[in-house]
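When we follow the working numbering, the leftmost residue of the sequence shown carries the number 178, and every step to the right adds one.
Glycine included, each C-beta is placed from N, C-alpha and C at the ideal position.
Structure record follows, encoded as C-alpha cells.
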Amino acid sequence: MNFLCVFVGGGLGAITRYAISLMISPSEKGFPYQTLLANVISSLILGLLMYYFMQRDIGYQYKLLLATGFCGGFSTFSTFSYEAFDLIQNEQVQLAFLYIIVSVPLCILCIWTGFLVGRHLTV
C-alpha cells in the first residue's frame with residue numbers, strides 16, 4: 178500500500194509539473210522559469226504539509242501520498258541540476274549562476290513561508 182501511495186502521488190505531481198511547463202513559455206534567454214516555478218510551488222506546499230502533519234495525527238500513507246509522492250513528483254531537483262549544467266555547457270555561466278543562486282534560497286524560503294502560512298491557518 179505504501180508503494181501505491183508514493184506511485185499515485187508522484188504521478189499526480191509529475192502531471193502537475195508537466196502542466197506548468199505547458200502553461201509557461203520558455204524564456205528567450207534560456208532561463209528555466211517552468212522548473213523554478215514548479216520547485217517554488219512544491220516547496221510552499223511541502224511547508225504547509227509539514228506544519229499540518231506536525232499538528233495532526235495523520236496516517237503515514239497520507240504523508241507518503243502528499244509529501245513523498247506528490248511533492249517529490251512535482252518538484253524536480255534533477256531537472257534543476259540538468260538545466261544549470263546545460264546553461265554552463267552552452268556558455269551561459271552567468272545565467273546558470275543566477276538560476277542556482279535564486280532557486281535554492283527561494284525554495285528554502287518557500288518551505289518556511291508554507292510552514293508559517295500553515296501555522297496561521299490553524300490558529
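Contact defined as beta carbons within less than 8 Å: I believe residue i pairs with residue j. What is the distance between those atoms, to the nearest angstrom?
i	j	result
G250	G291	That pair is no contact at about 17 Å.
L242	V185	6 Å
G224	W289	6 Å
Have a look at the options and flag the residue whose alpha-carbon is nearest the alpha-carbon of residue i.
i	options	result
T212	N179, L241, G190, L226	G190
L272	P209, I192, F180, I201	P209
L298	L223, D263, Y228, E205	Y228
I192	S252, A244, L221	S252
G207	R296, Y239, F257	F257
A215	V294, D263, L283	L283
L264	I201, M178, E205, Y237	E205
Tell me, please, whether the CB atom of residue i is closer than 7 Å to any CB atom in chain B?
i	result
F247	No chain B is present in this structure, which holds just one protein chain.
Is residue j closer than 7 Å to residue i when the C-beta atoms are compared?
i	j	result
I277	A261	yes
S219	C248	yes
T245	V183	yes
C287	L221	yes
F254	K240	no
Cβ-heavy atom distance between residue i and the ligand MN below 6 Å?
i	result
I277	Looking at this structure, you won't find the ligand MN or any other ligand, since it has none at all.
### Query
Pairing CB atoms from the segment 179-197 with CB atoms from the segment 264-282, are three or more of them under 8 Å?
No contact exists between the segment 179-197 and the segment 264-282.
### Message
Please give the ranges of any beta strand (DSSP E) in the segment 210-244, keeping only runs that are unbroken, at least 3 residues long and fully inside the region.
### Response
Within the segment 210-244, no complete beta strand (DSSP E) run reaches 3 residues.
#### Entry: Residue ranges of each alpha helix (DSSP H) within the segment 243-273, 4 or longer
Segments of the alpha helix (DSSP H) lying fully in the segment 243-273: 254-266.
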